[in-house]
Structure formats: C-alpha cells, structure tokens
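**Student:** Residue numbers (UniProt numbering): 1 to 372. For each residue, glycine too, the CB sits at the ideal point set by N, CA and C. The structure follows.
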C-alpha cells in the first residue's frame, strides 16, 4: 500500500500518523508546504518527504491571501510526484490549503481529513473561502474527521458521509506514573500551546478565584507549553499577584508528558475552541481528573459528571466551582477517573485507531478497483 500525504511535515499529528503507518508496512510519501526537521522521522526506505518551501522561503502564519496563491505552485509538483510514485491513495490532512492542492491535482481516490480551523474558521472569513472549502470537499472521494462535532461542522459544506477516525493515545506510554507524592501541595495544571483560543487566561482567572476563596490551601498552577501569548499571560499572573503560585514550565517533550500529567491533581482544558482535544485524552489515560469546556469535541470526550466535569466557556467562576468539587469529593473524583480510563481504553486506544485507518485505506483501494 502506497499513500501520498499532503500534510505539514512538522506537525506532531502528521508525525504520529506517519510513524504508526510505517510500522504497519505502509509506504508513505509526504508533500509538505514548508520544510521540516529531519530528526522527527525514522530513516526508512518506505518514507519519502518533499517540500514546496525551504525554511528561508516558508510562509508565515497569517500570511495574506495573495501570498498564499504561491500554494498553487505545489499543484504541478504534486502531479509530478503522482506520476513518479504511482500512489494508491492521495490523502490531504487539512481541508483548506492542502485540500485545495489535492482537489486541483485531479487524482483519485482522494481523501480529505479535516483538522479544525479549516472548517470552524476558514469558511467563515468570507464567501470566497467558503466556496473554496465546498469545492475541495466536493472533489474528495472520502472525508475523515477525528471527532463527531467536527464532522457535524463539516456537514455544513458537504452532504457526503464522513468517517470518524479518532486520534487517540498510546496506552503503553500514557498511563499513571506511580511516583509517591513527597508534598501535600495540590497541583492543578494544563499542557497547551499558549494561544488565546485555548483559554489559559480563563484558567488563571479561575485559579485566582479559587485561591481567593481558599487562602489556606497550599496549591499551585502549572502551565506547560509555549506560544505567542506567554508574555500577556505572565502579565495577568502578576496583576493577580499569583507569581508565587503559578509556574510556566515551557515546552514539555512528549516523553515527559505522562509524568507531568500524573503529577497533576486536576487537568483543565478551558478552551474557547477545540476540534478534538487529544491532550485531554492523554490526561484521562494517566488517571488525572479533568475539567473541560463545552466547546468543539471536548464534550464528546468527557461526559459531564461521569468521566469529568464540563463547564461553560468563558466562565472562570464555574471552573473554580468545578475545582472545588473535585478537590472536596475524593470518592466522586475517583469514580470519574475510573470511568474516564474505561472510556479511553474503549474509544481512544491509538493502536486501534491506526488499525481503523489502515482498514479504511484498504476499503478505499478495494472500492477503486471495483469501480475500474
């Protein structure tokens, strides 16, 4: 089986899919708009990676529409790759930029995987971009989504059936790290990129409310991740006089994430928008109780008052009350943790998710042969 992926080669999600598919014996060709870190991939004869731009010429986030017309230079290159490699399937990860390249290539069978902002944000910017998305989805033979909520959003632009392909976690890696606590200090936290969409500011406000109501509690907030919003978040921490209670840990390498998650007494994801929420699944797999907002795919992952607590977005007081509930009711919290772990094992076991993707690829190839 040979798959040509149109995807960002630097994305952790692309890396995770590619490495898993290589282990299954799938031959992969990646076409990436920007250059990539070669150390992120194994040295395998089954893997080929091509790029449109080098690190010197890559487009920056937020580049204008005129600049992004350069993406169209990728179309003849992708057609050349198709002629040379003769893939069984063309699969675009992201329905806007990569989706358009794939749509214009004319290759079949063609799969589009929607990722989030490509369906939640991109088509809402203006009428033209909405039409671009509709065109891309029309050209796709199959459409995949990691969550039901994102599939529902995608259905606004197509009547085609959408397959749910969960993006789970490696349960051999993400599990409770049994390290005894050396301090009675309570630790709540999150691991997310520091961008406004992820509501880290709301988390800080919720933490401020909790510490104001419970000054006697020895509690800290740990924030893992990096991003352009870091300076503004640190200003908010200073404004709320929380400098001695909030720790910015910076980027946390993937191999260290299970240990960090296991050290949290509560994990919070107070996002304003979230297409799926794999970080929440990782926390649940590490048996850390979770509080999430009612946006995107998060309520699909966490069942309110069963496997965690779901609160309204932009409501720090509600999040504060949820923190109080989990810390004050150990029996309830432990039951949530047990239910969450069972849910992860049933729905988000990465090995099963990869097997599903491979089986869908096999079905696509079989369907194509039956049509020819």
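Can you confirm whether the stretch 197-209 touches the stretch 314-323 when touching is taken to mean that 3 or more C-beta pairs between the two stretches lie within less than 8 angstroms?
**Tutor:** Result yes; three or more Cβ-Cβ pairs closer than 8 angstroms.
**Student:** Based on DSSP bridge pairs, tell me the residues matched to residue 269.
**Tutor:** Here the question's residue 269 lines up with position 269 in the chain shown. DSSP output for residue 269 lists 292 as bridge partner(s).
**Student:** Going by DSSP, what residues sit across from residue 308 in a beta bridge?
**Tutor:** Counting from 1 along the chain shown, the entry for residue 308 is found at position 308. According to DSSP, which records beta bridges pairwise, residue 308 is partnered with 304.
**Student:** Just how far apart, CA to CA, sit residue 94 and residue 367?
**Tutor:** The count along the chain shown starts at 1 and reaches residue 94 at position 94. The count along the chain shown starts at 1 and reaches residue 367 at position 367. Those two C-alpha atoms are separated by around 23 angstroms.
**Student:** Just list the residues that DSSP pairs residue 36 with in beta bridges.
**Tutor:** Reading the chain shown from its first residue, position 36 is the one you call residue 36. Per DSSP, none; premise fails for residue 36.
**Student:** Could you name the residues of the same chain whose beta carbon sits closer than 8 angstroms to that of residue 194, not counting the 5 residues immediately before and after it, in chain order?
**Tutor:** Reading the chain shown from its first residue, position 194 is the one you call residue 194. So the list reads 200, 223, 225, 226, 227, 228, 229, 230 and 233, once near-sequence residues are dropped.
**Student:** What's the call for residue 362, buried or exposed, on a 16-neighbour Cβ count within 10 Å?
**Tutor:** Position 362 of the chain shown, counted from the first residue, corresponds to residue 362. Under this definition residue 362 is an exposed residue.
**Student:** In whole angstroms, what is the alpha-carbon distance linking residue 265 and residue 173?
**Tutor:** Walking along the chain shown from the start, residue 265 turns up at place 265. Walking along the chain shown from the start, residue 173 turns up at place 173. Computed Cα separation, rounded: 19 angstroms.
**Student:** Around the Cβ of residue 63, are there at least 16 other Cβ atoms within 10 angstroms (buried) or fewer (exposed)?
**Tutor:** Locating residue 63 in the chain shown gives position 63, counting from the first residue. For residue 63, the predicted structure reports a pLDDT of 45, less than 50, and the residue's modelled location is therefore unreliable. The matter cannot be settled from this model.
**Student:** Tell me whether the stretch 133-143 and the stretch 104-121 touch, counting them as touching only if at least three CB pairs, one residue from each stretch, are closer than 8 angstroms.
**Tutor:** With the cut-off at 8 angstroms, the stretch 133-143 and the stretch 104-121 touch.
**Student:** Could you give the C-beta distance for residue 187 and residue 166, rounded to a whole number, given that I count them as a contact under 8 angstroms?
**Tutor:** Within the chain shown, the letter at position 187 stands for residue 187. Within the chain shown, the letter at position 166 stands for residue 166. Actually they are not in contact, since the Cβ atoms of residue 187 and residue 166 sit about 29 angstroms apart, beyond 8 angstroms.
**Student:** Among 282, 247, 238 and 83, which one has its Cα closest to the Cα of residue 254?
**Tutor:** Along the chain shown, read from residue 1 onward, the residue named residue 254 stands at position 254. Per the Cα distances, 282.
**Student:** What residues match up with residue 27 in a beta bridge as DSSP calls it?
**Tutor:** Locating residue 27 in the chain shown gives position 27, counting from the first residue. Residue 27 pairs with 2.
**Student:** Which partner residues does residue 222 have in the DSSP bridge list?
**Tutor:** Within the chain shown, numbered from 1, the residue matching residue 222 stands at position 222. Residue 222 is bridged to 189 and 247.
**Student:** Taking only three categories from DSSP, how would you classify residue 95?
**Tutor:** Reading the chain shown from its first residue, position 95 is the one you call residue 95. Reduced to three states, the DSSP call for residue 95 is coil.
**Student:** May I ask you to report which of helix, strand or coil DSSP gives residue 355?
**Tutor:** Position 355 of the chain shown, counted from the start, is the residue given in the question as residue 355. Reduced to three states, the DSSP call for residue 355 is helix.
**Student:** Excluding the 5 residues flanking residue 86 on each side, which residues of the same chain have their C-beta closer than 8 angstroms to its C-beta?
**Tutor:** Here residue 86 refers to the residue found at position 86 of the chain shown. For residue 86, where only same-chain residues beyond five positions count, the Cβ hits under 8 angstroms are 2.
**Student:** Give the range of the beta strand (DSSP E) segment to which residue 286 is assigned.
**Tutor:** As a working mapping, residue 286 is identified with position 286 in the chain shown. Taken as a continuous stretch (DSSP letters only), residue 286 belongs to no beta strand (DSSP E), as it is neither H nor E.
**Student:** If you compare alpha carbons, which of 267, 185, 275 and 47 is closest to residue 323?
**Tutor:** On the chain shown, position 323 is the one that residue 323 refers to. Minimum Cα distance to residue 323 is reached at 267.
**Student:** Quick one: what's residue 51 bridged to in DSSP?
**Tutor:** Here residue 51 is taken as the residue at index 51 of the chain shown, counted from 1. Bridge partners of residue 51: 32.
**Student:** From this set, 208, 250 and 213, which residue's C-alpha is nearest residue 239's C-alpha?
**Tutor:** If you number the chain shown from 1, residue 239 lands on position 239. That would be 208, whose Cα lies nearest to the Cα of residue 239.
**Student:** Between residue 375 and the rest of its own chain, which residues show a CB-CB distance below 7 angstroms, the 5 nearest in sequence each way excluded?
**Tutor:** Look at the range of the chain in this structure, 1 to 372, and you will see that residue 375 is not part of it.
**Student:** DSSP three-state label for residue 343, please.
**Tutor:** On the chain shown, residue 343 is found 343 positions in, with the first residue counted as 1. Helix at residue 343.
**Student:** I want to know whether the stretch 333-348 touches the stretch 300-309 - three or more CB-CB distances under 8 angstroms.
**Tutor:** Yes: the two stretches touch, three or more of their Cβ pairs being nearer than 8 angstroms.
**Student:** Tell me the residue span of the beta strand (DSSP E) that contains residue 145.
**Tutor:** On the chain shown, residue 145 is found 145 positions in, with the first residue counted as 1. Residues 142-145.
**Student:** Inspect the beta-carbon positions of residue 168 and residue 353 and report whether they are closer than 8 angstroms.
**Tutor:** Your numbering for residue 168 matches position 168 in the chain shown. Your numbering for residue 353 matches position 353 in the chain shown. Yes, these two residues count as a Cβ contact at 8 angstroms.
**Student:** Please classify residue 163: does DSSP put it in a helix, a strand, or coil?
**Tutor:** Taking the chain shown and counting its residues from 1, one reaches residue 163 at position 163. If DSSP states are grouped into helix, strand and coil, residue 163 belongs with the strands.
**Student:** Between the beta-carbon of residue 176 and the beta-carbon of residue 286, is there less than 8 angstroms?
**Tutor:** Numbered from 1 along the chain shown, position 176 holds the residue referred to as residue 176. Numbered from 1 along the chain shown, position 286 holds the residue referred to as residue 286. For residue 176 and residue 286, yes; Cβs fall inside 8 angstroms.
**Student:** For residue 296, which residues in the same chain have their Cβ closer than 8 angstroms to its Cβ, ignoring the five residues on either side in sequence?
**Tutor:** The residue given as residue 296 occupies position 296 in the chain shown. 116, 120, 147, 149, 150, 271, 273, 274, 275, 276 and 277.
**Student:** Within the continuous alpha helix (DSSP H) that includes residue 228, where are the two ends?
**Tutor:** Working through the chain shown from its first residue, we reach residue 228 at position 228. Residue 228 -> no alpha helix (DSSP H), and no H or E assigned at all.
**Student:** Hey, residue 32 and residue 49: beta-carbon distance below 8 angstroms or not?
**Tutor:** For the purposes of this step, residue 32 is taken as the residue at position 32 of the chain shown. For the purposes of this step, residue 49 is taken as the residue at position 49 of the chain shown. Contact flag set, yes.
**Student:** What did DSSP end up calling residue 349 once you bin it into helix, strand or coil?
**Tutor:** Reading the chain shown from its first residue, position 349 is the one you call residue 349. If DSSP states are grouped into helix, strand and coil, residue 349 belongs with the strands.
**Student:** In this structure, what does DSSP give as the bridge partners for residue 45?
**Tutor:** The residue given as residue 45 occupies position 45 in the chain shown. Looking at the DSSP assignment, residue 45 forms no beta bridge with any residue, so it has no partner.
**Student:** Using three-state DSSP, classify residue 90 as helix, strand or coil.
**Tutor:** As a working note, residue 90 is residue 90 in the chain shown. Correct three-state label for residue 90: strand.
**Student:** Which residues in the same chain as residue 61 place their Cβ atom closer than 6 angstroms to its Cβ, once the five residues preceding and following it in sequence are excluded?
**Tutor:** Within the chain shown, residue 61 is the residue found at index 61, counting from 1. For residue 61, the predicted structure reports a pLDDT of 43, less than 50, and the residue's modelled location is therefore unreliable. The matter cannot be settled from this model.
**Student:** Please classify residue 122 as buried or exposed, where buried requires at least 16 other C-beta atoms within 10 Å of its C-beta.
**Tutor:** By one-based count along the chain shown, residue 122 stands at place 122. Looking at its Cβ environment, which holds 16 or more other Cβ atoms inside 10 Å, residue 122 is buried.
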